[in-house]
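Undergrad: In the working numbering, the protein residues as written are 3 to 189. Backbone N, C-alpha and C define an ideal beta-carbon position, used for all residues, glycine too. One structure is given below, represented as C-alpha cells, and several questions about it will come after.
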C-alpha cells in the first residue's frame, strides 16, 4: 500500500485559505482534512470539532508538553496547532492529508524530522497587499487592534513565499481551487 501524501496550505490571514479549503472539501472528498486546535474564540458559524478544536490556553500548553502537536504557532494573540497522531495515522493508511495552517506552522512541518521531507508546501497569495487588507478588514470579525496585528503579520508572511514549494495566487476563488486540485493531482 502506498503511503499518503502530506499537503500544507498556508498564507497570510485574510487570503482566503478557509474559503478555498471549504470548496476543496466538496470537490476532493478523498482527502483527509486535519482539524486544528486553537485557543481563539469561536466565530459565528464555526462548529467545534469540525472547524477547530476550541481549547483553553492550559489545555493547549498540555498538548505542547506531551508533544502531541505536529506544529503549533502563536498568531494574533492566540495559539493554533495540528494534532500529530491523526495525521500520521491517515498517512500510514495511504490517505492523502491536507493541512490548512499558518506560515509559522508550515515552517515547523518543513523542519519536522518525521514528516518534513515528504510535505508539499503550498502558499496561497493575495493578488496584492491592498486586496489582502480589504479582505481582512471586510470580514468584520475582529477589532481594529487585532486587524492591525494581522496586517503587520501578513507583511512578514508574504515575504516567506519563497520558502514554499508552490504558490497559488487567489485572485478568484474558483481559479485558486482549480489550481490547487491540479497541484494535488500532479504531486
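How should residue 79 be labelled, buried or exposed, when 16 other C-beta atoms within 10 angstroms of its C-beta is the threshold for buried?
TA: Exposed, since its Cβ has fewer than 16 Cβ neighbours within 10 Å.
Undergrad: Quick one: grab the DSSP three-state call for residue 22.
TA: Reduced to three states, the DSSP call for residue 22 is helix.
Undergrad: Under the assumption that residue 103 contacts residue 189 (Cβ atoms under 8 Å), give the Cβ distance between them as a whole number of angstroms.
TA: Incorrect: roughly 18 Å between the Cβ atoms, too far for contact.
Undergrad: Measuring alpha carbon to alpha carbon, tell me which residue in 157, 175, 64 and 123 is nearest residue 99.
TA: The candidate whose alpha carbon is nearest that of residue 99 is 123.
Undergrad: What is the residue span of the beta strand (DSSP E) that residue 70 lies within?
TA: Neither: residue 70 is in no beta strand (DSSP E) and is coded neither H nor E.
Undergrad: Under DSSP, the alpha helix (DSSP H) around residue 88 begins and ends at which residues?
TA: Residue 88 -> alpha helix (DSSP H) spans 86 to 94.
Undergrad: Considering Cα atoms alone, identify which of 74, 148, 109 and 131 is closest to residue 43.
TA: If we check each option's Cα against that of residue 43, 148 comes out closest.
Undergrad: Report yes if the C-beta distance between residue 101 and residue 36 is below 8 Å; otherwise report no.
TA: Yes.
Undergrad: Entirely within the region 95 to 162 and at least 4 residues each: give me those alpha helix (DSSP H) ranges in chain order.
TA: As far as the region 95 to 162 is concerned, its whole alpha helix (DSSP H) runs of at least 4 residues are 105 to 113, 131 to 141 and 146 to 160.
Undergrad: Please report how far the alpha carbon of residue 62 lies from the alpha carbon of residue 81, in whole angstroms.
TA: Near 8 Å, if we compare the C-alpha coordinates of residue 81 and residue 62.
Undergrad: Report yes if the C-beta distance between residue 89 and residue 127 is below 8 Å; otherwise report no.
TA: Contact: no.
Undergrad: Kindly identify the DSSP beta-bridge partner or partners of residue 12.
TA: DSSP lists 125 as partners of residue 12.
Undergrad: Can you tell me which residues form a DSSP beta bridge with residue 170?
TA: According to DSSP, residue 170 bridges with 126.
Undergrad: Enumerate in chain order the residues of its own chain whose CB-to-CB distance from residue 59 is below 8 Å, with the five nearest sequence positions on each side excluded.
TA: Closer than 8 Å at the Cβ level, and outside the excluded window around residue 59, lie 41 and 81.
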